[in-house]
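**Q** Residue numbers (the numbering used here): 1 to 201.
Ideal Cβ placement from N, Cα and C applies to all residues, glycine included.
Every value quoted in this text rests on a predicted model; they were computed, and no experiment measured them.
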Ligand code: HEC
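Here is the structure:
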């Protein structure tokens, strides 16, 4: 093999090595239609998984749900990588919150809970040009199941207030995403207003 073709092969190998992460990074960029509605991403289960919460409630303890549900949080890969370096979310970050039923006694299981069918799918997108306050919230719950797209919920929806008042980093609940909380603490991006002892009033 001549030096030149060797260099070409090396170049190709390098390009193919680089194109894998590029493809992963492009995954999950929010797709808005001409009507401004967000398309429900089909591949969010290939994004980066952040946490599972079980039966999370925020009001008085007596309101605890006797049938707790699981919620799974996923974030777009490019946003995750940026956060690991900076402790902040870049524009076009998208999260999915997937809520699933908790089931008992399935298959060999005698105790504990496993995850059942989807109850709800919600999204949050950071887009400073599109949303006042930088973040938009969406629910894909329709009368007959999940919808293919959703308009941003109005600013009066409860999502906006809880996500701006009670979150550790920007509008996101990084206090519940253990690996990310370490990064935010190290990078100094935890909000001054975040108080781990405060409850929702
Ligand atoms: C009373 C507070 C509260 C309200 C209201 C609320 N959320 Fe959340 N949300 C949370 C908490 C707490 C988490 C963290 C879940 C976990 O740790 O499993 C979360 C997580 C999320 C996430 C994952 C990304 C993130 O921001 O951390 C999305 C997406 C989300 N919520 C969407 C919504 C939408 C859409 C609405 C309105 C329809 C809404 N939420 C209303 C408390 C709230």
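Across which residues does DSSP place residue 169 in a beta bridge pair?
**A** As a working note, residue 169 is residue 169 in the chain shown. Answer by DSSP bridge pairing, in chain order: 172.
**Q** Report whether the distance from the Cβ of residue 95 to the nearest heavy atom of the ligand HEC is below 7 Å.
**A** In the chain shown, the residue the question calls residue 95 occupies position 95. Yes, since a heavy atom of the ligand HEC falls inside the 7 Å radius drawn around the Cβ of residue 95.
**Q** Can you grab the Cα-Cα spacing for the pair residue 197 / residue 168, in whole Å?
**A** Residue 197 sits at position 197 when you count from the first residue of the chain shown. Residue 168 sits at position 168 when you count from the first residue of the chain shown. In a straight line, the C-alpha of residue 197 is about 12 Å away from that of residue 168.
**Q** Which same chain residues end up closer than 7 Å to residue 14 when comparing Cβ atoms and leaving out the 5 residues on each side of it in sequence?
**A** Position 14 of the chain shown, counted from the start, is the residue given in the question as residue 14. Note that residue 14 has pLDDT 48, beneath the 50 cutoff, so the model's placement of it is unreliable and the number below is only indicative. So the list is empty, once near-sequence residues are dropped.
**Q** From residue 33 to residue 145, what distance separates their C-alpha atoms?
**A** Translated into the one-based positions of the chain shown, residue 33 becomes position 33. Translated into the one-based positions of the chain shown, residue 145 becomes position 145. So the two alpha carbons sit approximately 21 Å from each other.
**Q** Cutting at 7 Å between CB atoms, please list the residues of its own chain near residue 20, excluding the five before and the five after it.
**A** In the chain shown, residue 20 corresponds to position 20, counting from 1. At residue 20, the pLDDT of 45 sits below 50, so the modelled position is not reliable; the number obtained from the coordinates is stated separately. Same-chain partners within the cutoff: there are none.
**Q** Can you round the beta-carbon distance between residue 148 and residue 39 to whole angstroms, since I take them to be within the 8 Å contact cut?
**A** Looking up residue 148 in the chain shown gives position 148. Looking up residue 39 in the chain shown gives position 39. Residue 148 to residue 39, Cβ: 7 Å. Contact.
**Q** Is it the case that the Cβ atoms of residue 189 and residue 78 are separated by a distance below 8 Å?
**A** In the chain shown, residue 189 corresponds to position 189, counting from 1. In the chain shown, residue 78 corresponds to position 78, counting from 1. Not closer than 8 Å, so no.
**Q** Going residue by residue through the stretch 66-142, where are the continuous beta strand (DSSP E) segments of at least 3 residues, counting only ones entirely within it?
**A** DSSP runs (the beta strand (DSSP E)) wholly in the stretch 66-142: 69-75, 94-103, 114-126 and 135-139.
**Q** Looking at the unbroken alpha helix (DSSP H) that takes in residue 179, where does it start and where does it end?
**A** Taking the first residue of the chain shown as position 1, residue 179 is located at position 179. Note, residue 179: alpha helix (DSSP H), 178-187.
**Q** Give me, in chain order, the residues of the same chain whose beta-carbon lies closer than 6 Å to that of residue 118; leave out the 5 immediate sequence neighbours on both sides.
**A** Translated into positions along the chain shown, residue 118 becomes position 118. These residues qualify, in order along the chain: 100.
**Q** Run through DSSP, which three-state label would residue 51 get?
**A** Walking along the chain shown from the start, residue 51 turns up at place 51. The answer is strand: DSSP assigns residue 51 an E or B state.
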